[in-house]
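Quick note, the sequences are listed as chains W and X, same order.
The numbering of the first sequence is UniProt numbering, which starts it at 1 and goes up by one.
The numbering of the second sequence is UniProt numbering, which starts it at 1 and goes up by one.
Protein chains: 2
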Amino acid sequence: MVKITDVARRAGVSPSTVSYALSGKRPISEETRLRVEEAIRELGYRPHAGARALAGRRSNVLALVVPLRTGIHVPTVMGFAVSVVTAARRHDHDVLLLTQEEGEEGLHRVADTALVDGLVMMDVQLDDPRLPLLRALDLPAVLIGLPASTAGLTCVDLDFRAAGEACVEHLARLGHRSVALVGSPPEVYVRGTAYAGRVVQGFTAAADRAGMSSTVLPCEPADARAVAEQLLREQPALTGVVVHNEPVLEPLVDAFADLGLRIPSDLSVTAICPDGVAESSRVPITSVTLPSEELGARAVDLLMKKLSGAAVPESTLLAPRMTERGSTGRRTVP
Amino acid sequence: MVKITDVARRAGVSPSTVSYALSGKRPISEETRLRVEEAIRELGYRPHAGARALAGRRSNVLALVVPLRTGIHVPTVMGFAVSVVTAARRHDHDVLLLTQEEGEEGLHRVADTALVDGLVMMDVQLDDPRLPLLRALDLPAVLIGLPASTAGLTCVDLDFRAAGEACVEHLARLGHRSVALVGSPPEVYVRGTAYAGRVVQGFTAAADRAGMSSTVLPCEPADARAVAEQLLREQPALTGVVVHNEPVLEPLVDAFADLGLRIPSDLSVTAICPDGVAESSRVPITSVTLPSEELGARAVDLLMKKLSGAAVPESTLLAPRMTERGSTGRRTVP
DNA sequence: GACCCTTGTCGAAGCGCTTCGACGAAGGAA
DNA sequence: TTCCTTCGTCGAAGCGCTTCGACAAGGGTC
């Protein structure tokens, strides 16, 4: 193993100079810096992570807590995870994977052993039991998701309430008068998943404001067909549907087609989901983007800011962005 | 932060004794050990990860390289990842997430900085470009997947060839004479994904041995319907289908149903996929398990063995296990 | 009883890095 | 010229842990 003293010897300087040349924490002459860099290249030097963590009190590792609950869409979660890893690398950090099962013990462990410098937690519930611990632990953390109270926390999320509203308003502008929201499986609402509830609120509020008739229906992945039938039966005037449930989107569209409805002429469909999901549907779907990429990057950026001691806002909500893809159209009055 | 000297003082022993009590690397009297343990509990001591890594030359962290290629089934991949994390925790290790994008540079980094003790790599291609590096790096590694040559490596996988054979033989025993394999998207074969090709080999070999007529058809996620139609058109005598493509399984079954075929009376369907996928299909599917749980655990166990200096076999193939779920039946001769 | 193990513990020496204080040299202000 | 800064570098002191060698005490063995 090549160490800092080897580099120092080769460059004809002291180890501390190498360290400063690398970190930039003290001025080093251009000439010396170049010599050091050359020595590093020639020897293939890489600082030992453990030694660095010990002496520098920074591990350059972040923990990422990924959810494994039922009713979540795994590819969407992975999208977040990948964007967090990518963003972390841009800041010269690595990412440690923590599963939900590990729970509080896992958080304690990585914090107390100084294994990680900070923490990104996904899929936060409205009243998440881990929040008190998170506030107590003195480990900088950023949540992806918005709990009931953000006091003392740092959260980023899509503004799901506004996203629900945006979908309804889009349909309202197109003349629709009767809309439905097809949401996540019931369990997701039961356990208080923040974003799910917020979409419902936004959807309902916007529909009420616009004087539209509206329904909300949770939906299991396998029940797309049944839900489609139920909607048409109970809400015969229905012409607009908002889908907030990735795995159900395509089956639902298929079910409507099988029931003889054409999209968008008979029925306008819009969704809240990652662009990839909306694009790759057989019928491309007009949707509000779930910007995993951007959310993950924001979360990491905020975490880095906290690590550098800067103050950050308690909550950052991204405004919804709607992309038309032809699955919505003007209501054709029958 | 509470450190080992604090514990030592409290327990009335020296730091080295605390260390030995913790690691068990030297005999410590029962009585002393208890006193140390109590001090640890009272103070809430946790050894500093960096210090431990530096002094002990072990970071107690593994790297997990997860694939992000197109055409893979993300929930299946996550199943592996979770099982690796869980298994690693049983061995007191944490898991660092490396994405494919990081590529060779990522491997180099975690190895050279001693960030991790070992490495688990998923989704190995037949002729994976990372293999030479992996052999060169002196970082213990285990692959999930079986490349063309396992020389100098350690690999675990389901015996996909045998799995393909098992499916055909199952259908043969039930009297079927004409079978088809619906596989992954073409790109997966093109890039030489090991398991995909092996299933084809096993499937074809077994069908030939049994004197059955057989076809192999790759399939994109969206093309289930088209593939079903194509199969019936080109192979009218078809009565048995093997599906090796998780996202396509359910749509394909639906497509056959729509085309008027009853399962299993008109058509027997079997699959190679995680049990969860086979069970949660609308029609539960007789399948060969893809034992993510077990494979992940095995991979980690093998890695731990390597870390302790023991010799391990170059390749470990798990025998296929078939579970009947009612989607296959005796061929009813027309 | 002399000798040798084994058991249980301690002190000290690192592991490879960062950081602090110190200091010579050079430049500016007076 | 003198004094004060700033710049660029060095040496040494840790960071918190593991491990090595040493050693006292006790128990077998002959």
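Backbone N, C-alpha and C define an ideal beta-carbon position, used for all residues, glycine too.
Look at X:Thr99: its C-beta is under 7 angstroms from a C-beta on chain W.
For X:Cys219, no alpha helix (DSSP H) encloses it, and the DSSP letter there is neither H nor E. By alpha-carbon distance to W:Gly175, the top candidate from W:Ser268, W:Leu143, W:Pro221 and W:Pro47 is W:Ser268.
Contact between W:Val74 and W:Val84 is ruled out by a C-beta separation of about 15 angstroms, above the 8 angstroms threshold.
Among the residues facing chain W, X:Thr113 is included, as its CB has a counterpart in that chain under 7 angstroms away.
The Cβ atoms of X:Ala206 and X:Val168 sit closer than 7 angstroms to each other. Pairing W:Val82 with X:Thr193 gives a Cβ-Cβ distance that is not under 7 angstroms.
Around W:Lys305, the same chain offers Val312 as residues with beta carbons nearer than 7 angstroms, after the five sequence neighbours per side are excluded. Residues of the UniProt domain "HTH lacI-type" (2 to 56) of chain W with a C-beta atom less than 7 angstroms from some C-beta of chain X are Arg46, Pro47, His48, Ala49, Gly50, Ala51, Ala53 and Leu54, listed in chain order.
Among the residues facing chain W, X:Asp223 is not included, as its CB has no counterpart in that chain under 7 angstroms away. By the beta-carbon neighbour count (other beta carbons within 10 angstroms, threshold 16), X:Arg330 is exposed.
The alpha carbon of X:Leu231 has as its nearest neighbour, out of X:Ile263, X:Val182 and X:Gly260, the alpha carbon of X:Val182. Under a criterion of Cβ atoms nearer than 9 angstroms, the residues of chain W adjacent to X:Leu64 are, in order, Leu97. Between W:Val85 and chain X, the shortest Cβ-Cβ separation is below 7 angstroms. Annotation: X:Ile4 to W:Val243 spans about 55 angstroms, alpha carbon to alpha carbon.
Rounded to the nearest whole angstrom, the C-alpha separation of W:Ser59 and X:Thr204 is 52 angstroms. Beyond the five residues adjoining it in sequence on each side, X:Gly164 comes within less than 6 angstroms, by CB distance, of Val199, Gly202 and Phe203 in the same chain, given in chain order.
Ranked by Cα distance from W:Glu102, the first of W:Leu68, W:Gly145, W:Leu126 and W:Val227 is W:Leu68.
Legend: CB atoms of the stretch 305 to 333 of chain W lying less than 8 angstroms from CB atoms of chain X are not found in any residue. Contact note: W:Ser59 reaches chain X through Ala49 and Gly50, using a C-beta cutoff of 8 angstroms and chain order. The continuous stretches of beta strand (DSSP E) do not include X:Ser83, which lies in the alpha helix (DSSP H) extending over residues Val74 to Arg90.
Our two residues, X:Arg233 and X:His170, have alpha carbons roughly 24 angstroms apart in a direct line. In the DSSP assignment, X:Cys155 is bridged to X:Leu143 and X:Ser315. At a Cβ-Cβ threshold of 7 angstroms, W:Ser178 and W:Leu252 do not count as neighbours. Of the other Cβ atoms in all chains shown, 16 or more fall within 10 Å of the Cβ of W:Ser184; this residue is therefore buried. Contact between W:Leu295 and W:Ile144 holds, since their C-beta atoms are separated by about 6 angstroms, short of 8 angstroms. Interface residue (Cβ-Cβ distance to chain W less than 7 angstroms): X:Val300 is not classified as such. The straight-line gap separating the alpha-carbon atoms of X:Leu217 and X:Val227 is approximately 8 angstroms. Residue environment analysis places W:Thr332 among the exposed positions, since fewer than 16 neighbouring C-beta atoms fall within 10 angstroms of its C-beta. In the structure shown, W:Gly240 adopts extended strand secondary structure according to DSSP, grouped into three states. In terms of CA proximity to X:Ala162, X:Ala319 leads the group X:Ala319, X:Ala39 and X:Arg130.
Within 8 angstroms of the CB of X:Arg282, the CB atoms of chain W belong to Ala222, in sequence order along the chain. With a threshold of 7 angstroms between beta carbons, W:Val142 makes no contact with chain X.
Taking 7 angstroms as the threshold, the shortest C-beta distance from X:Val82 to chain W falls below it. Chain-order list of chain X residues neighbouring W:Val74: Val74, Pro75 and Met78, by C-beta distance under 8 angstroms. Note on geometry: alpha-carbon atoms of W:Glu250 and W:Val241 lie some 13 angstroms from one another.
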